[in-house]
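Below you'll find the structure, written out as structure tokens, and then a few comments.
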Amino acid sequence: MTKNSANDTVIPRAKPEGSAGKVINASFLWNIVFGLTILVYLAGLFIPIMEPDAAVYAQVSMEMHDRGDYLSIYHKGADWLDKPHFPFWMSALSYEAFGVNEFAYKLPAVIFVLLGALYTYLFGRKYYSPLHGWLAVIVLITAEHIIISNQDVRAEPFMTGLMIMALYHLTSVLQLTSVIPRRPTADEGSAGDQWPHLILGSLALACLIMTKGLFTIIPVVSGIGLALLYEKNWKQIFHWRWLVVVVGTILFLTPALYGYYQQFDKHPEKIIFGETNVSGVKFFLWTSQWGRFTNTGPITGKGDITFFIHTMLWAFLPWAFAAFFAIFSKTKQLIRKISTGENYTFFGFITLFLVFSFSRFQLSFYLNPLFPFLSILTVAVLLNQSKRVLKIFSVMHFVLAILLILGVFGLNYIFMDRLPHLDAIIVFLFAAGLGLYLFFKKNSLLRKVIFATALVVLGVNYYLNRDFYPELLQYQAESEAAYFMKENRIRAEDVVFVGEMESVADVILHMPTKVVSVDDVTASLIEGKYVFTSPEGRAKINSLGLRYSIVSVFDDFPVTRLTGKFINRSTRQSEVQTKYLLKVSDDGDKPSVEVTLTVLF
13 MTKNSANDTV
23 IPRAKPEGSA
33 GKVINASFLW
43 NIVFGLTILV
53 YLAGLFIPIM
63 EPDAAVYAQV
73 SMEMHDRGDY
83 LSIYHKGADW
93 LDKPHFPFWM
103 SALSYEAFGV
113 NEFAYKLPAV
123 IFVLLGALYT
133 YLFGRKYYSP
143 LHGWLAVIVL
153 ITAEHIIISN
163 QDVRAEPFMT
173 GLMIMALYHL
183 TSVLQLTSVI
193 PRRPTADEGS
203 AGDQWPHLIL
213 GSLALACLIM
223 TKGLFTIIPV
233 VSGIGLALLY
243 EKNWKQIFHW
253 RWLVVVVGTI
263 LFLTPALYGY
273 YQQFDKHPEK
283 IIFGETNVSG
293 VKFFLWTSQW
303 GRFTNTGPIT
313 GKGDITFFIH
323 TMLWAFLPWA
333 FAAFFAIFSK
343 TKQLIRKIST
353 GENYTFFGFI
363 TLFLVFSFSR
373 FQLSFYLNPL
383 FPFLSILTVA
393 VLLNQSKRVL
403 KIFSVMHFVL
413 AILLILGVFG
423 LNYIFMDRLP
433 HLDAIIVFLF
443 AAGLGLYLFF
453 KKNSLLRKVI
463 FATALVVLGV
473 NYYLNRDFYP
483 ELLQYQAESE
493 AAYFMKENRI
503 RAEDVVFVGE
513 MESVADVILH
523 MPTKVVSVDD
533 VTASLIEGKY
543 VFTSPEGRAK
553 INSLGLRYSI
563 VSVFDDFPVT
573 RLTGKFINRS
583 TRQSEVQTKY
593 LLKVSDDGDK
603 PSVEVTLTVL
613 F
């Protein structure tokens, strides 16, 4: 491996024989793919924050930043007991550096995904080869749900980086006795150099737990534990180092545990989930985790044992079919006792995948932290397949690429009433054109399967992040209303949200907004105020006999739950709901009169 003199980017330069050698020497393609990935990620940083989950996280982070209290978690001024501290710490620190805005909220997530890419490379290099590491990075950073999660930011991007970080450092301290010897690397060091790995591994585990609870360490623990059991490596299973890891993890968890104790356990009089005597520490370590899997907690869901199988088909697009093939191949190898390479990633992935599948609380984002594991497994199989198998995947990926390209043209025609931005057209045509050229050109099958596919996917996603999502978010009425208020210098303290319990306006206006349910609206609460509300809220204001003017009208649709009728602009109007920004008179004693439309521009 050497450095590319043009941009000093480290890329594989060895010259093995056959298809892999042609892939390694394609330095132009490596740089194009990585450059386009950064461009796609950057475009996603400036898309408005989506409701509901991402907006809540952004708002909670804002309150943490504004209060200067990093041990307590509040949402709209109320104690909030749901997700733990770590993602909010990262976003609050980003707010400190860049101000409260969507860019600052999303940037830490992208950084942690790139951290996951770094550790994916390091892991692949350690247990397979430098080429394996680089290809696994391409698979990871171009997986569809990874790209989506970098603009619709929740907790999973942090977990994506931390999970593979923990696995890498904790496997680095092992003196392996694998069935198949791995490639020795220069970064292993001696036994005395393992303490940094123990410390960083424990830190990563603690941060994982502080991101979404105890279940997040299942892939790391099961990945290492089951691999050692499979190898019957009893000496390593009962090694003293694991006690060090446990102690270290608990020590790094102390800030979150203390924060929960101070905010909740120390105040049993607080009413949380309609109850008193609620322990924040217990909820963090047990109730929220067990409750989600058994569907007995305060937050419930619906379970479907096949959910993550069909979810992976699009979430790990375009690599899903190769990934399923890799899981099948690896399973067969393990059963036949002919496993090649490491087994940590397989056992780590399959354990949590099965736990999620049998749980009752399921969301597509849950798979994302497992994608580094899956990327490593997928590349391990692709690099060891015959030309016949690679040709099959090449044809499948070509068909998929054609469908994606046609999908962009169809989506733009059906959804948009304008042409895309010029830069979106240029990037899409360049990436898709180069991808198709590689598919048709007589060259390495791996170039077709990896690079051609990645280029098309990146071209499609640049269009989505640059044009589709910004256009779509114009139908998120609350953010549009907040931008309108900001542009027209309407102060947040002069606005009441009636019946609307979303959070994105708080971040845009940089102040928690007042929210009142429709049933609880009184004249004294809204007289002289601007009111953002639905037709139901407007009807309640009419029933109170209040005078008001309509300042602006907004179309609203739940943008994270798209339907065909909404996407089709010819039928869209039947799917959207009208939301209003009203200016209520402070003279509530006069009878209600006909409303005058006074839209401000």
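Note that this note's numbering has the sequence shown beginning at 13, numbered continuously upward. Idealized CB from N, CA, C, for every residue including glycine. It should be emphasised that the depicted structure is a prediction, and the values quoted were computed from it without experimental measurement.
- Gln248 sits in a helix when the DSSP states are folded into three classes.
- Counting the other CB atoms within 10 Å of its CB gives Phe110 a total below 16, which places it among the exposed residues.
- Taking 8 Å as the cut-off, the Cβ atoms of Lys552 and Val508 do not count as close.
- Runs of the alpha helix (DSSP H) lying entirely within the segment 98–137 and spanning at least 4 residues, in chain order: 98–110.
- Inclusion of Glu514 and Glu108 in the CB contact set at 8 Å is not warranted, their separation being larger than that value.
- Secondary-structure assignment with DSSP links Val391 through no beta bridge to anything.
- When the five nearest sequence neighbours on each side are left out, the beta carbons in the same chain lying within less than 7 Å of the beta carbon of Ile579 are those of Ile426 and Phe427, in order along the chain.
- In the DSSP annotation of this structure, the continuous segment of the beta strand (DSSP E) that includes Ile562 starts and ends at Tyr560 to Asp568.
- Comparing alpha carbon positions, the residue from His157, Ser597, Arg430 and Asp567 closest to Arg584 is Asp567.
- Within the same chain, Cβ atoms closer than 8 Å to the Cβ of Asp479 are found at Asn424, Met428, Pro432, His433 and Ala436, the five residues on either side in sequence being excluded.
- According to the DSSP assignment, Val45 belongs to the alpha helix (DSSP H) that extends over Ser39 to Leu57.
- With respect to the C-alpha of Val472, the residue from Leu210, Ala55, Asn43 and Phe40 having the closest C-alpha is Ala55.
- Contact check for Leu174 against Leu220 passes: the beta carbons are separated by less than 8 Å.
- For Leu593, the enclosing beta strand (DSSP E) starts and ends at Gln589 to Val596.
- Here the C-alpha atom of Ala493 lies approximately 28 Å from the C-alpha atom of Phe377.
- Shortest Cα-Cα distance from Ser561 to any of Tyr592, Leu574 and Pro547 involves Tyr592.
- With 16 or more other Cβ atoms inside 10 Å of its own Cβ, Val165 counts as buried.
- Look at Asp91 here: in three-state DSSP terms it is strand.
- The residue from Leu48, Phe40 and Ser291 with its alpha-carbon nearest to that of Val469 is Leu48.
- Pairing His144 with Leu395 gives a Cβ-Cβ distance under 8 Å.
- Three or more beta-carbon pairs drawn from the segment 268–276 and the segment 90–105 are found closer than 8 Å, and the two stretches are therefore classed as touching.
- Counting of Cβ neighbours within 10 angstroms places Pro384 among the buried residues, the total reaching 16 or more.
- Taking 8 Å as the cut-off, the Cβ atoms of His409 and Ala443 do not count as close.
- In terms of Cα proximity to Leu418, the closest of Gly445, Val393 and Ala392 is Gly445.
- The secondary-structure analysis by DSSP pairs Val527 across a beta bridge with Phe509.
- The closest CA to that of Ile158, considering only Asp316, Leu379 and Val68, is found on Leu379.
- Here the C-alpha atom of Pro330 lies approximately 33 Å from the C-alpha atom of Glu243.
- In this structure, Gln589 lies away from Pro60, with their beta-carbon atoms at least 8 Å apart.
- Taking all protein chains shown into account, Tyr449 has fewer than 16 neighbouring C-beta atoms within 10 Å of its C-beta and is therefore exposed.
- From the listed residues Thr172, Ile230, Phe115 and Ser555, the smallest Cα separation to Ala129 is found for Thr172.
- The beta-carbon separation of Leu226 and Gln275, rounded to 19 Å, does not stay under the 8 Å limit for a contact.
- A direct Cα-Cα distance of roughly 10 Å separates Pro570 from Glu587.
- Note on the segment 395–434: whole alpha helix (DSSP H) runs with a minimum of 4 residues are 399–427, in chain order.
- As DSSP reads the structure, Val543 sits in a beta bridge with Val508 and Leu594.
- Assignment of Tyr242 by DSSP, reduced to helix, strand and coil, places it in the helix class.
- Taking 4 residues as the shortest admissible run, the segment 441–514 contains the following complete alpha helix (DSSP H) segments, listed from N- to C-terminal end: 465–475, 481–484 and 489–499.
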